[in-house]
Amino acid sequence: MSNQLPVINLMGPTASGKTALACELYEQGDYELISVDSALVYQEMDIGTAKPTQAEQERYPHHLIDIITPLEVYSAAEFVEDASRLIDDIHAKGKTPILVGGTMLYFKALLEGLSSNLPSADYEIRAAIEFKGETEGWQAVYDELKSVDTLAAEKFKVSDKQRIIRALEVYKITGRPITQLQAEQPKKQPYRYNFYNYALVPDRVELHKRIELRLEKMWEIGFLNEVEYLMKKYDLDENLPSARSVGYRQAIDFLKNSDLSQEKMQEMKDKALFATRQLAKRQYTWLRSLQELHSFQTYFTIKQAQEDLRNLYG
Numbered sequence: 099m100s101n102q103l104p105v106i107n108l109m110g111p112t113a114s115g116k117t118a119l120a121c122e123l124y125e126q127g128d129y130e131l132i133s134v135d136s137a138l139v140y141q142e143m144d145i146g147t148a149k150p151t152q153a154e155q156e157r158y159p160h161h162l163i164d165i166i167t168p169l170e171v172y173s174a175a176e177f178v179e180d181a182s183r184l185i186d187d188i189h190a191k192g193k194t195p196i197l198v199g200g201t202m203l204y205f206k207a208l209l210e211g212l213s214s215n216l217p218s219a220d221y222e223i224r225a226a227i228e229f230k231g232e233t234e235g236w237q238a239v240y241d242e243l244k245s246v247d248t249l250a251a252e253k254f255k256v257s258d259k260q261r262i263i264r265a266l267e268v269y270k271i272t273g274r275p276i277t278q279l280q281a282e283q284p285k286k287q288p289y290r291y292n293f294y295n296y297a298l299v300p301d302r303v304e305l306h307k308r309i310e311l312r313l314e315k316m317w318e319i320g321f322l323n324e325v326e327y328l329m330k331k332y333d334l335d336e337n338l339p340s341a342r343s344v345g346y347r348q349a350i351d352f353l354k355n356s357d358l359s360q361e362k363m364q365e366m367k368d369k370a371l372f373a374t375r376q377l378a379k380r381q382y383t384w385l386r387s388l389q390e391l392h393s394f395q396t397y398f399t400i401k402q403a404q405e406d407l408r409n410l411y412g
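Last residue of the sequence shown: 412 in my numbering, with the numbers rising by one and none dropped.
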């Protein structure tokens with residue numbers, strides 16, 4: 099390893115087995131685990147996020163789990179700041195950090211840095227943009243972006259809702275196009291970390307089976323009860339980032355807007371399954387884009403990853 103501080107990044111789509119693999123590595127040496135998951139940051143959102151149980155967390159402590167309430171917002175910039183501090187703390191103890199998760203935006207931000215001149219998210223502005231999309235159609239939102247930031251509109255499709263929302267949000271906050279602000283981003287300084295990137299990408303058919311089994315277990319152990327509890331305690335709004343997590347959005351819509359019949363419940367479960375598969379698809383896409391820019395070791399089976407990483411870090 100080089101003189102730079104070593105950091106192990108273990109990435110993969112949802113239900114790929116990366117957390118179990120990270121925990122196995124944790125047992126084999128002087129490591130600490132840092133969660134890279136935008137849903138695990140929320141307190142009391144346990145079942146629907148497949149959060150490690152309390153017993154598992156006691157045995158395999160994870161940093162950056164349960165750090166905010168479902169009413170709060172946690173940005174990629176905040177993640178980079180928190181993760182960098184933790185990485186330094188872990189190295190100061192003579193240990194090596196293992197970052198594990200599926201939020202590829204967080205990994206990208208850590209690997210490549212973020213534009214320091216972009217504003218933080220504004221919940222009210224984002225909600226207004228989403229409301230326009232739902233009432234007037236996303237073509238109208240896309241056209242609005244096109245009128246203020248032609249370059250951004252050329253990069254996006256009408257279906258790229260989150261990217262369109264962010265670009266419009268930045269314009270409404272700053273009065274300047276996001277592409278212009280990004281172009282003014284300072285050149286990155288040499289990074290003090292040496293990243294060892296590993297991707298666990300099972301066959302799609304196998305992954306879809308794992309996703310289906312995970313969701314079935316979630317329903318069985320009370321996911322719907324968890325969502326009901328969270329709605330009562332926090333008065334969850336479906337536009338909050340926490341409530342947009344896959345599974346939660348579909349469950350909230352079912353509880354608020356349906357007759358709660360078995361037919362509607364099955365429809366909700368089917369939507370949650372579809373949304374989780376779509377999440378995995380997006381994660382694969384993010385991984386491919388990261389692999390084009392950074393050095394990676396990719397594993398297509400958990401067994402292959404276990405054997406290789408055990409030899410490397412055991």
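Just so it is clear, CB atoms sit at the ideal spot from N, CA and C, and this is done for glycine as well.
In angstroms with no decimal places, state the Cα-to-Cα distance between Ala370 and Asp144. Going by the C-alpha atoms only, they are around 16 angstroms apart.
For the beta strand (DSSP E) holding Leu298, just list the boundary residues, first then last. Residues 291-298.
Can at least three beta-carbon pairs, one atom from the stretch 290-308 and one from the stretch 379-397, be found at a separation below 8 angstroms? Yes, since at least three Cβ pairs between the stretch 290-308 and the stretch 379-397 fall closer than 8 angstroms, the two stretches touch.
Our contact map puts Val178 next to Ala219 with C-beta atoms below 8 angstroms; I'd like the distance itself, whole angstroms only. 15 angstroms between Cβ atoms; not a contact.
Alpha carbon of Gln287 to alpha carbon of Gly211, nearest angstrom: With a pLDDT of only 49 at Gln287, under 50, the local geometry of the prediction cannot be trusted, and the value read off the model is given with reservation. Between Gln287 and Gly211, the C-alpha separation is close to 9 angstroms.
With respect to the beta strand (DSSP E) encompassing Val105, which residues constitute its N-terminal and C-terminal limits? Bounds of the beta strand (DSSP E) holding Val105 are 103-109.
Over the uninterrupted beta strand (DSSP E) stretch that includes Gly199, give me the two end residues. Note, Gly199: beta strand (DSSP E), 194-199.
Cβ of Phe372 within 8 angstroms of Cβ of Gly345? Their beta carbons are not under 8 angstroms apart, which means Phe372 does not touch Gly345 by this criterion.
Identity of the residue in Gln404, Lys255, Val268 nearest Val246 by Cα: Among Gln404, Lys255, Val268, the Cα nearest to that of Val246 is on Val268.
Do Leu385 and Lys206 come within 8 angstroms of each other at the CB atom, strictly closer than that value? No; because the gap between Cβ atoms is not below 8 angstroms, this pair is not in contact.
Taking all protein chains shown into account, do 16 or more other C-beta atoms lie within 10 angstroms of the C-beta of Ala190, making it buried, or fewer, making it exposed? Residue environment: Ala190 is assigned as exposed (fewer than 16 neighbouring CB atoms within 10 Å of its CB, all protein chains considered).
Report yes if the CB atom of Glu304 is closer than 8 angstroms to the CB atom of Ile263, and no otherwise. In this structure, Ile263 does not lie closer than 8 angstroms to Glu304 by Cβ.
Where does Pro288 fall in DSSP's three states? Low local confidence applies: a pLDDT of 48 at Pro288 is under 50, so the model's placement there is unreliable, and no value is given.
Rounded separation between Gln155 and Asp164 - CA only: Their backbone Cα atoms lie some 11 angstroms apart in a straight line.
So within the stretch 127-170, which uninterrupted beta strand (DSSP E) runs reach at least 3 residues, ignoring any that extend past its ends? As summarised for the stretch 127-170, the continuous beta strand (DSSP E) elements at least 3 residues long and confined to that stretch are 129-133, given in chain order.
Flag this pair as yes or no: are the beta carbons of Ile223 and Ile276 separated by less than 8 angstroms? For Ile223 and Ile276, no; Cβs fall outside 8 angstroms.
Contact between the stretch 226-240 and the stretch 183-199 (3+ Cβ pairs under 8 angstroms): At 8 angstroms Cβ cutoff, the stretches do not touch.
Going by DSSP in three states, Thr248 sits in which element: helix, strand or coil? In this structure, Thr248 counts as helix in the three-state DSSP scheme.
How would you call Ile319, buried or exposed, if buried means at least 16 neighbouring beta carbons within 10 angstroms? So Ile319 counts as exposed.
Are Tyr158 and Pro150 touching if we call contact CB-CB under 8 angstroms? Yes, these two residues count as a Cβ contact at 8 angstroms.
Alpha carbon to alpha carbon, what distance is there between Leu169 and Asp335? In a straight line, the C-alpha of Asp335 is about 9 angstroms away from that of Leu169.
Go ahead and label Ala153 buried or exposed: buried means 16 or more other beta carbons lie within 10 angstroms of its beta carbon, across all protein chains shown. Per the 10 Å Cβ criterion, exposed.
Taking Cβ positions, are Gln126 and Tyr291 nearer each other than 8 angstroms? Cβ atoms of Gln126 and Tyr291: not closer than 8 angstroms.
DSSP bridge partner residues for Thr277 (one or two, in chain order): According to DSSP, Thr277 shares a beta bridge with no other residue.
Which residues in the same chain have their Cβ closer than 7 angstroms to the Cβ of Ala250, if we skip the five residues on either side of it in sequence? Hits under 7 angstroms: Leu243, Ala265, Pro275, Ile276, Thr277.
Let's test the definition: count the other Cβ atoms within 10 Å of the Cβ of Ser100 and tell me whether it reaches 16, buried, or not, exposed. With a pLDDT of 49 at Ser100, under the threshold of 50, the modelled position of that residue is not reliable, and no figure is offered here.
Proximity winner among Gly115, Arg408, Lys401, Leu162, relative to His306 (alpha-carbon distances): It is Gly115.
Check whether Leu138 and Ala120 have beta carbons under 8 angstroms apart: Cβ atoms of Leu138 and Ala120: not closer than 8 angstroms.
CB of Ile196 within 8 angstroms of CB of Leu108, strictly: Against a cut-off of 8 angstroms, the Cβ pair of Leu108 and Ile196 comes out as a contact.
By the 10 Å Cβ neighbour count, where 16 or more other Cβ atoms means buried, how is Thr117 classified, buried or exposed? Buried, since its Cβ has 16 or more Cβ neighbours within 10 Å.
So, with DSSP's three-state summary, where would you put Arg233? One detail in the question is off: residue 233 reads as Thr in this sequence, not Arg. Note: Thr233 maps to helix in three-state DSSP.
Please report how far the alpha carbon of Gly200 lies from the alpha carbon of Gln364, in whole angstroms. Their Cα atoms are separated by approximately 27 angstroms.
Taking the alpha-carbon of Pro339 as reference, which of Asp301, Gly235, Ser136 has the nearest alpha-carbon? For the residues Asp301, Gly235, Ser136, the minimum Cα distance to Pro339 belongs to Ser136.
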